[in-house]
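In this note's numbering, the protein residues as written are 83 to 495.
Glycine included, each C-beta is placed from N, C-alpha and C at the ideal position.
The structure presented is a predicted model; accordingly, all values stated were derived computationally and were not measured.
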(Lines of atoms letter the chains of each structure in order from A and count residues from 1; the text may use other names and numbers.)
(Lines give C-alpha, C1' and ligand atoms only; values in the text may rest on other atoms or scores of the structure.)
Protein backbone atom coordinates (compact mmCIF):
# COMPACT_ATOMS: atom_id res chain seq x y z
CA UNK A 1 0.00 0.00 0.00
CA UNK A 2 2.86 2.38 0.78
CA UNK A 3 5.46 0.89 -1.56
CA UNK A 4 5.04 3.67 -4.14
CA UNK A 5 5.59 6.56 -1.73
CA UNK A 6 9.26 6.76 -2.75
CA UNK A 7 10.80 6.60 -6.23
CA UNK A 8 11.85 3.12 -7.35
CA UNK A 9 15.20 2.17 -5.81
CA UNK A 10 15.28 5.22 -3.53
CA UNK A 11 17.44 4.76 -0.43
CA UNK A 12 18.03 7.54 2.11
CA UNK A 13 21.57 6.35 2.86
CA UNK A 14 22.92 6.33 -0.70
CA UNK A 15 25.82 8.82 -0.86
CA UNK A 16 24.54 10.41 -4.07
CA UNK A 17 21.23 11.24 -2.37
CA UNK A 18 22.86 13.19 0.45
CA UNK A 19 25.51 14.66 -1.83
CA UNK A 20 22.80 16.45 -3.77
CA UNK A 21 20.62 17.51 -0.84
CA UNK A 22 18.97 16.39 2.37
CA UNK A 23 15.87 14.56 1.03
CA UNK A 24 13.37 16.68 2.96
CA UNK A 25 10.53 16.14 0.48
CA UNK A 26 10.81 12.36 0.80
CA UNK A 27 11.09 12.58 4.59
CA UNK A 28 7.93 14.69 4.70
CA UNK A 29 6.06 12.17 2.54
CA UNK A 30 6.93 9.38 4.96
CA UNK A 31 6.16 11.43 8.08
CA UNK A 32 2.67 12.04 6.71
CA UNK A 33 1.93 8.63 5.21
CA UNK A 34 4.29 5.93 6.48
CA UNK A 35 6.43 7.14 9.42
CA UNK A 36 7.98 3.69 9.92
CA UNK A 37 8.71 2.65 6.34
CA UNK A 38 10.58 -0.33 4.93
CA UNK A 39 13.41 0.65 2.56
CA UNK A 40 14.68 -2.17 0.37
CA UNK A 41 18.42 -2.10 -0.38
CA UNK A 42 20.70 -3.58 -3.00
CA UNK A 43 22.96 -6.28 -1.61
CA UNK A 44 26.12 -4.17 -1.75
CA UNK A 45 24.45 -1.37 0.20
CA UNK A 46 23.86 -3.59 3.23
CA UNK A 47 27.28 -5.25 3.25
CA UNK A 48 28.62 -6.19 6.68
CA UNK A 49 25.28 -6.48 8.45
CA UNK A 50 23.87 -9.69 9.91
CA UNK A 51 21.75 -11.79 7.54
CA UNK A 52 18.96 -11.75 10.12
CA UNK A 53 18.50 -8.02 9.52
CA UNK A 54 16.94 -8.75 6.14
CA UNK A 55 17.23 -6.94 2.84
CA UNK A 56 16.86 -3.39 4.06
CA UNK A 57 15.89 -1.28 7.06
CA UNK A 58 12.93 0.52 8.61
CA UNK A 59 13.18 4.30 8.11
CA UNK A 60 12.02 6.07 11.29
CA UNK A 61 11.07 9.62 10.35
CA UNK A 62 8.82 11.02 13.12
CA UNK A 63 10.35 12.86 16.07
CA UNK A 64 8.33 10.88 18.64
CA UNK A 65 9.40 7.52 17.18
CA UNK A 66 13.08 8.52 16.93
CA UNK A 67 12.99 9.53 20.60
CA UNK A 68 11.17 6.35 21.63
CA UNK A 69 13.69 4.05 19.93
CA UNK A 70 16.64 6.11 21.21
CA UNK A 71 15.46 5.63 24.80
CA UNK A 72 14.55 1.94 24.46
CA UNK A 73 17.73 -0.01 25.26
CA UNK A 74 15.63 -3.05 26.19
CA UNK A 75 14.33 -3.57 22.67
CA UNK A 76 16.99 -1.88 20.53
CA UNK A 77 20.78 -1.79 20.50
CA UNK A 78 23.93 -1.25 18.49
CA UNK A 79 25.97 -4.33 19.42
CA UNK A 80 24.69 -6.57 16.60
CA UNK A 81 25.16 -4.29 13.58
CA UNK A 82 26.71 -1.11 14.97
CA UNK A 83 25.40 2.46 14.88
CA UNK A 84 26.65 3.32 11.38
CA UNK A 85 23.79 2.79 8.93
CA UNK A 86 25.82 2.03 5.79
CA UNK A 87 29.34 0.84 5.06
CA UNK A 88 28.87 -0.08 1.43
CA UNK A 89 30.08 -2.78 -0.91
CA UNK A 90 33.10 -4.73 0.27
CA UNK A 91 32.47 -4.44 4.00
CA UNK A 92 33.01 -7.78 5.72
CA UNK A 93 30.92 -9.01 8.64
CA UNK A 94 34.06 -9.56 10.71
CA UNK A 95 35.03 -5.90 10.31
CA UNK A 96 31.69 -4.77 11.71
CA UNK A 97 32.07 -7.12 14.68
CA UNK A 98 35.56 -5.78 15.41
CA UNK A 99 34.10 -2.29 15.84
CA UNK A 100 32.22 -3.36 18.96
CA UNK A 101 35.09 -1.96 21.02
CA UNK A 102 33.69 1.51 20.17
CA UNK A 103 31.27 2.96 22.70
CA UNK A 104 28.66 3.82 20.06
CA UNK A 105 28.51 0.13 19.10
CA UNK A 106 27.95 -1.19 22.61
CA UNK A 107 24.83 -2.06 24.62
CA UNK A 108 24.38 -2.17 28.41
CA UNK A 109 26.03 -3.31 30.59
CA UNK A 110 29.25 -2.88 28.52
CA UNK A 111 28.13 0.52 27.25
CA UNK A 112 27.20 1.68 30.75
CA UNK A 113 30.61 0.72 32.15
CA UNK A 114 32.45 2.36 29.25
CA UNK A 115 30.41 5.54 29.50
CA UNK A 116 31.20 5.83 33.21
CA UNK A 117 34.90 5.81 32.35
CA UNK A 118 34.89 8.21 29.41
CA UNK A 119 32.56 10.59 31.25
CA UNK A 120 35.61 11.49 33.38
CA UNK A 121 36.78 13.54 30.43
CA UNK A 122 33.55 15.51 30.04
CA UNK A 123 32.73 16.74 33.52
CA UNK A 124 31.35 20.29 33.81
CA UNK A 125 34.65 21.23 35.44
CA UNK A 126 36.64 19.90 32.47
CA UNK A 127 34.47 21.73 29.95
CA UNK A 128 34.38 24.97 31.92
CA UNK A 129 38.16 24.89 32.24
CA UNK A 130 38.37 25.21 28.45
CA UNK A 131 36.06 28.21 28.20
CA UNK A 132 38.50 31.08 28.56
CA UNK A 133 41.29 29.66 26.41
CA UNK A 134 38.91 28.50 23.67
CA UNK A 135 37.21 31.91 23.61
CA UNK A 136 40.65 33.42 22.97
CA UNK A 137 41.38 30.79 20.34
CA UNK A 138 38.08 31.50 18.55
CA UNK A 139 38.97 35.17 18.28
CA UNK A 140 42.46 34.31 17.03
CA UNK A 141 41.05 31.96 14.41
CA UNK A 142 38.60 34.55 13.08
CA UNK A 143 41.21 37.29 13.24
CA UNK A 144 43.61 35.22 11.13
CA UNK A 145 40.85 34.51 8.60
CA UNK A 146 39.91 38.19 8.36
CA UNK A 147 43.54 39.03 7.68
CA UNK A 148 43.43 36.71 4.66
CA UNK A 149 40.37 38.48 3.28
CA UNK A 150 38.70 35.53 1.56
CA UNK A 151 38.85 31.76 1.57
CA UNK A 152 37.25 28.46 2.48
CA UNK A 153 35.35 29.02 5.71
CA UNK A 154 35.45 25.30 6.50
CA UNK A 155 39.23 25.06 6.71
CA UNK A 156 39.99 28.58 7.91
CA UNK A 157 37.33 28.86 10.62
CA UNK A 158 34.89 26.01 11.23
CA UNK A 159 37.42 23.18 11.49
CA UNK A 160 39.90 24.98 13.69
CA UNK A 161 38.14 25.42 17.03
CA UNK A 162 36.86 21.81 17.35
CA UNK A 163 40.35 20.52 16.53
CA UNK A 164 41.98 22.81 19.05
CA UNK A 165 39.40 21.90 21.70
CA UNK A 166 40.11 18.19 21.26
CA UNK A 167 43.83 18.85 21.35
CA UNK A 168 43.46 20.93 24.51
CA UNK A 169 41.15 18.39 26.17
CA UNK A 170 43.46 15.44 25.49
CA UNK A 171 46.77 17.23 25.79
CA UNK A 172 47.61 16.70 22.11
CA UNK A 173 50.23 19.22 20.97
CA UNK A 174 48.52 21.95 18.97
CA UNK A 175 50.90 21.35 16.06
CA UNK A 176 49.45 17.84 15.74
CA UNK A 177 45.89 19.07 15.24
CA UNK A 178 46.50 19.15 11.47
CA UNK A 179 47.15 15.42 11.60
CA UNK A 180 43.79 14.93 13.32
CA UNK A 181 42.14 17.12 10.67
CA UNK A 182 43.56 15.08 7.81
CA UNK A 183 42.95 11.73 9.47
CA UNK A 184 39.34 12.55 10.36
CA UNK A 185 38.68 13.75 6.80
CA UNK A 186 40.19 10.61 5.36
CA UNK A 187 38.21 8.35 7.69
CA UNK A 188 35.02 9.62 6.03
CA UNK A 189 36.48 9.70 2.52
CA UNK A 190 35.44 6.36 1.06
CA UNK A 191 32.35 7.78 -0.68
CA UNK A 192 33.77 11.10 -1.86
CA UNK A 193 36.35 11.06 -4.67
CA UNK A 194 37.40 14.64 -3.89
CA UNK A 195 38.73 13.67 -0.45
CA UNK A 196 42.06 11.90 -0.62
CA UNK A 197 43.39 9.13 1.57
CA UNK A 198 42.40 5.67 2.70
CA UNK A 199 39.90 5.42 5.59
CA UNK A 200 41.49 2.22 6.91
CA UNK A 201 44.96 3.78 6.93
CA UNK A 202 43.66 6.97 8.58
CA UNK A 203 41.93 4.93 11.29
CA UNK A 204 45.15 3.01 11.90
CA UNK A 205 47.09 6.28 12.15
CA UNK A 206 44.73 7.67 14.79
CA UNK A 207 44.76 4.36 16.66
CA UNK A 208 48.54 4.26 16.71
CA UNK A 209 48.83 7.89 17.79
CA UNK A 210 46.25 7.52 20.58
CA UNK A 211 47.58 4.19 21.83
CA UNK A 212 51.00 5.79 22.12
CA UNK A 213 49.50 8.53 24.28
CA UNK A 214 47.76 5.94 26.47
CA UNK A 215 50.98 3.98 26.98
CA UNK A 216 52.87 7.15 27.94
CA UNK A 217 50.26 8.17 30.54
CA UNK A 218 50.21 4.70 32.06
CA UNK A 219 53.99 4.79 32.39
CA UNK A 220 54.12 8.43 33.51
CA UNK A 221 50.78 9.67 34.88
CA UNK A 222 50.05 13.39 34.64
CA UNK A 223 47.26 15.59 35.95
CA UNK A 224 45.28 15.44 32.71
CA UNK A 225 42.26 13.84 31.08
CA UNK A 226 44.16 11.06 29.34
CA UNK A 227 45.64 9.91 32.64
CA UNK A 228 42.16 9.85 34.19
CA UNK A 229 40.80 7.80 31.31
CA UNK A 230 43.50 5.15 31.04
CA UNK A 231 44.21 4.60 34.73
CA UNK A 232 41.89 2.93 37.23
CA UNK A 233 39.43 5.24 38.90
CA UNK A 234 36.58 4.56 41.31
CA UNK A 235 35.16 2.01 38.86
CA UNK A 236 38.25 -0.12 39.30
CA UNK A 237 39.60 0.17 35.77
CA UNK A 238 40.54 2.58 33.05
CA UNK A 239 40.44 2.28 29.27
CA UNK A 240 42.79 -0.22 27.67
CA UNK A 241 45.13 1.11 24.99
CA UNK A 242 42.77 -0.27 22.32
CA UNK A 243 39.70 1.24 23.96
CA UNK A 244 41.38 4.62 24.29
CA UNK A 245 42.47 4.47 20.65
CA UNK A 246 38.93 3.84 19.45
CA UNK A 247 37.63 6.52 21.82
CA UNK A 248 39.90 9.06 20.09
CA UNK A 249 38.53 7.88 16.74
CA UNK A 250 35.04 8.65 18.02
CA UNK A 251 36.23 12.08 19.18
CA UNK A 252 37.77 12.76 15.77
CA UNK A 253 34.36 12.28 14.16
CA UNK A 254 31.83 13.14 16.88
CA UNK A 255 33.88 15.97 18.36
CA UNK A 256 35.42 17.33 15.19
CA UNK A 257 33.42 16.58 12.06
CA UNK A 258 30.01 17.19 13.64
CA UNK A 259 30.86 20.48 15.34
CA UNK A 260 32.74 21.67 12.26
CA UNK A 261 29.68 21.00 10.10
CA UNK A 262 27.31 22.59 12.62
CA UNK A 263 29.39 25.79 12.50
CA UNK A 264 29.61 25.69 8.69
CA UNK A 265 25.91 25.03 8.14
CA UNK A 266 25.14 27.66 10.75
CA UNK A 267 27.22 30.27 8.95
CA UNK A 268 25.63 29.35 5.64
CA UNK A 269 22.18 29.68 7.22
CA UNK A 270 23.08 33.11 8.61
CA UNK A 271 24.32 34.20 5.18
CA UNK A 272 21.09 32.97 3.59
CA UNK A 273 19.04 34.75 6.28
CA UNK A 274 20.71 38.15 6.79
CA UNK A 275 17.94 39.28 9.15
CA UNK A 276 19.01 36.52 11.54
CA UNK A 277 22.67 37.56 11.25
CA UNK A 278 21.75 41.13 12.13
CA UNK A 279 19.71 39.87 15.07
CA UNK A 280 22.62 37.74 16.30
CA UNK A 281 25.09 40.62 16.06
CA UNK A 282 22.82 42.91 18.06
CA UNK A 283 21.15 40.68 20.65
CA UNK A 284 23.12 37.36 20.94
CA UNK A 285 20.12 35.20 22.02
CA UNK A 286 21.10 32.08 23.97
CA UNK A 287 18.68 30.07 21.81
CA UNK A 288 20.94 30.49 18.76
CA UNK A 289 23.13 27.46 19.45
CA UNK A 290 20.38 24.86 19.56
CA UNK A 291 18.73 26.31 16.47
CA UNK A 292 22.01 26.00 14.57
CA UNK A 293 22.34 22.37 15.67
CA UNK A 294 18.71 21.61 14.73
CA UNK A 295 18.91 23.34 11.35
CA UNK A 296 22.26 21.75 10.49
CA UNK A 297 21.69 18.26 11.97
CA UNK A 298 25.29 17.21 11.15
CA UNK A 299 24.54 13.49 11.64
CA UNK A 300 21.74 12.54 9.26
CA UNK A 301 21.10 9.15 10.82
CA UNK A 302 22.31 6.31 13.02
CA UNK A 303 20.80 2.86 13.33
CA UNK A 304 19.66 0.36 15.93
CA UNK A 305 18.88 -3.37 15.67
CA UNK A 306 15.79 -4.85 17.31
CA UNK A 307 16.50 -7.29 20.17
CA UNK A 308 12.91 -8.56 20.11
CA UNK A 309 9.76 -8.23 18.02
CA UNK A 310 8.54 -4.75 18.92
CA UNK A 311 6.03 -2.22 17.66
CA UNK A 312 7.20 1.26 16.62
CA UNK A 313 4.66 3.84 15.56
CA UNK A 314 2.10 1.11 14.99
CA UNK A 315 4.45 -0.93 12.80
CA UNK A 316 5.83 -4.33 13.82
CA UNK A 317 9.63 -4.46 13.70
CA UNK A 318 10.88 -8.01 13.89
CA UNK A 319 13.81 -9.25 15.98
CA UNK A 320 17.08 -8.72 14.12
CA UNK A 321 15.80 -6.02 11.77
CA UNK A 322 17.59 -2.68 11.50
CA UNK A 323 15.91 0.68 12.02
CA UNK A 324 17.31 3.96 10.74
CA UNK A 325 16.88 6.90 13.12
CA UNK A 326 16.66 9.83 10.72
CA UNK A 327 17.51 12.87 12.79
CA UNK A 328 17.34 15.08 9.68
CA UNK A 329 13.67 14.20 9.42
CA UNK A 330 12.81 14.31 13.13
CA UNK A 331 14.30 17.80 13.48
CA UNK A 332 11.89 19.13 10.85
CA UNK A 333 8.77 17.35 12.10
CA UNK A 334 5.85 19.77 11.81
CA UNK A 335 4.13 18.16 14.78
CA UNK A 336 6.97 19.30 17.04
CA UNK A 337 8.50 22.44 15.50
CA UNK A 338 6.60 25.53 14.41
CA UNK A 339 7.64 26.45 10.85
CA UNK A 340 10.52 23.92 10.96
CA UNK A 341 12.08 25.09 7.69
CA UNK A 342 12.44 28.62 9.07
CA UNK A 343 15.85 29.40 10.55
CA UNK A 344 14.88 31.22 13.76
CA UNK A 345 17.62 31.81 16.34
CA UNK A 346 15.01 32.95 18.87
CA UNK A 347 13.18 29.58 18.74
CA UNK A 348 12.23 28.86 22.35
CA UNK A 349 10.64 25.41 21.98
CA UNK A 350 13.42 23.37 20.41
CA UNK A 351 13.56 19.71 21.54
CA UNK A 352 15.84 18.75 18.65
CA UNK A 353 17.62 15.39 18.37
CA UNK A 354 20.79 16.84 16.89
CA UNK A 355 22.80 15.19 19.67
CA UNK A 356 21.23 11.79 19.11
CA UNK A 357 18.02 11.72 21.13
CA UNK A 358 17.87 11.50 24.90
CA UNK A 359 18.80 7.84 25.33
CA UNK A 360 21.89 5.94 26.42
CA UNK A 361 23.83 7.15 23.38
CA UNK A 362 23.15 10.86 23.88
CA UNK A 363 26.26 12.77 22.84
CA UNK A 364 28.78 13.00 25.70
CA UNK A 365 30.29 16.14 24.23
CA UNK A 366 27.05 18.06 23.68
CA UNK A 367 27.92 20.80 26.15
CA UNK A 368 31.41 21.18 24.69
CA UNK A 369 29.92 21.46 21.20
CA UNK A 370 27.43 24.08 22.36
CA UNK A 371 30.25 26.05 23.96
CA UNK A 372 32.36 25.96 20.78
CA UNK A 373 29.47 27.02 18.53
CA UNK A 374 28.67 30.03 20.68
CA UNK A 375 32.33 31.03 21.01
CA UNK A 376 32.81 30.90 17.25
CA UNK A 377 29.71 32.92 16.36
CA UNK A 378 30.51 35.49 19.05
CA UNK A 379 33.96 35.93 17.50
CA UNK A 380 32.54 36.12 13.96
CA UNK A 381 29.96 38.73 14.95
CA UNK A 382 32.63 40.84 16.66
CA UNK A 383 35.47 40.50 14.14
CA UNK A 384 33.79 39.64 10.81
CA UNK A 385 30.39 41.34 11.02
CA UNK A 386 30.29 41.98 7.25
CA UNK A 387 31.09 38.42 6.15
CA UNK A 388 29.50 37.49 2.79
CA UNK A 389 29.18 34.34 0.70
CA UNK A 390 31.10 34.18 -2.57
CA UNK A 391 29.71 30.86 -3.82
CA UNK A 392 27.24 28.19 -2.83
CA UNK A 393 28.71 25.50 -0.56
CA UNK A 394 30.13 22.25 -1.89
CA UNK A 395 28.57 19.27 -0.10
CA UNK A 396 30.33 16.13 1.11
CA UNK A 397 29.30 12.91 -0.62
CA UNK A 398 28.44 10.69 2.33
CA UNK A 399 25.84 8.27 3.67
CA UNK A 400 25.20 9.69 7.14
CA UNK A 401 27.19 12.93 7.57
CA UNK A 402 25.56 16.20 6.47
CA UNK A 403 28.87 17.72 5.52
CA UNK A 404 30.19 20.76 3.67
CA UNK A 405 33.68 20.63 2.16
CA UNK A 406 33.95 24.16 0.84
CA UNK A 407 32.21 27.45 1.64
CA UNK A 408 33.93 30.37 -0.04
CA UNK A 409 33.44 33.66 1.80
CA UNK A 410 34.73 37.19 2.06
CA UNK A 411 35.34 38.16 5.66
CA UNK A 412 34.81 41.83 4.93
CA UNK A 413 37.98 42.90 6.69
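Determine the DSSP secondary structure at residue i, reduced to helix, strand or coil.
i: residue 179; result: helix
i: residue 477; result: strand
i: residue 155; result: coil
i: residue 119; result: strand
i: residue 83; result: Low confidence applies to residue 83: its pLDDT is 41, below 50, so where it sits in the model is not reliable enough to give any reading.
i: residue 60; result: Since the displayed the chain opens at 83 and closes at 495, residue 60 lies outside it and no answer follows.
i: residue 212; result: helix
i: residue 499; result: Absent from the model: residue 499. The displayed extent of the chain is 83 to 495, so no value can be given.
i: residue 518; result: Nothing can be reported for residue 518: it is not among the residues displayed for the chain, which extend from 83 to 495.
i: residue 386; result: strand
i: residue 490; result: strand
i: residue 403; result: coil
i: residue 92; result: coil
My assumption, with CB atoms under 8 Å, is that residue i sits in contact with residue j. Please give the rounded CB distance.
i: residue 472; j: residue 232; result: 7 Å
i: residue 436; j: residue 153; result: Contact doesn't hold; Cβ gap of about 16 Å is too wide.
i: residue 95; j: residue 410; result: 11 Å between Cβ atoms; not a contact.
i: residue 373; j: residue 425; result: 7 Å
i: residue 549; j: residue 269; result: What is shown of the chain runs 83 to 495, which leaves residue 549 out entirely.
i: residue 413; j: residue 376; result: 5 Å
How about residue i and residue j: do their beta carbons lie closer than 9 Å?
i: residue 449; j: residue 204; result: yes
i: residue 336; j: residue 262; result: no
i: residue 321; j: residue 296; result: yes
i: residue 392; j: residue 455; result: no
i: residue 340; j: residue 483; result: yes
i: residue 117; j: residue 479; result: no
i: residue 307; j: residue 202; result: yes
i: residue 170; j: residue 324; result: no
i: residue 497; j: residue 417; result: Any question about residue 497 goes unanswered here, given that the chain covers just 83 to 495.
i: residue 279; j: residue 459; result: no
i: residue 241; j: residue 477; result: no
Using a Cβ-Cβ cutoff of less than 8 Å, which residues in the same chain neighbour residue i once the five nearest sequence positions on both sides are dropped?
i: residue 350; result: 471, 475, 486, 489
i: residue 212; result: 247, 250, 251, 450, 453
i: residue 369; result: 427, 428, 429, 430, 432
i: residue 230; result: 238, 493
Considering only the alpha carbon of each residue, which of the options lies closest to residue i?
i: residue 134; options: 215, 388, 267, 180; result: 388
i: residue 419; options: 209, 433, 243, 428; result: 433
i: residue 284; options: 156, 93, 138, 260; result: 260
i: residue 228; options: 239, 218, 208; result: 239
i: residue 254; options: 196, 330, 224; result: 330
i: residue 291; options: 276, 258, 184, 313; result: 258
i: residue 467; options: 493, 90, 218; result: 493
i: residue 163; options: 149, 144, 136, 417; result: 136
i: residue 149; options: 353, 326, 465, 407; result: 407
i: residue 385; options: 352, 125, 138; result: 138
i: residue 127; options: 459, 160, 174; result: 174
i: residue 144; options: 423, 110, 276; result: 110
i: residue 114; options: 178, 415, 459; result: 415
i: residue 567; options: 358, 167, 194, 188; result: The structure shown does not extend to residue 567, since the chain is modelled only from 83 through 495, so no value can be given for it.
i: residue 423; options: 161, 366, 354; result: 354
i: residue 180; options: 160, 198, 199, 194; result: 160
i: residue 380; options: 178, 215, 338; result: 338
i: residue 122; options: 403, 208, 394, 230; result: 403
i: residue 215; options: 491, 457, 277; result: 457
i: residue 200; options: 332, 398, 365; result: 332
Leaving out the 5 sequence neighbours to the left and right, which residues in its chain are closer than 6 Å to residue i when beta-carbon positions are compared?
i: residue 287; result: 265
i: residue 446; result: 204
i: residue 119; result: 112, 141
i: residue 299; result: 308, 309, 312
i: residue 155; result: 190, 442
i: residue 328; result: 183, 184
i: residue 124; result: none
i: residue 289; result: 327
i: residue 400; result: 391
Apart from the five residues just before and just after residue i, which ones in its own chain have a Cβ nearer than 7 Å to its Cβ?
i: residue 105; result: 94, 99
i: residue 444; result: 437, 438
i: residue 157; result: 388, 389, 390, 392
i: residue 219; result: 243, 246
i: residue 541; result: Nothing about residue 541 can be read from this structure; the chain reaches only from 83 to 495.
i: residue 217; result: 457
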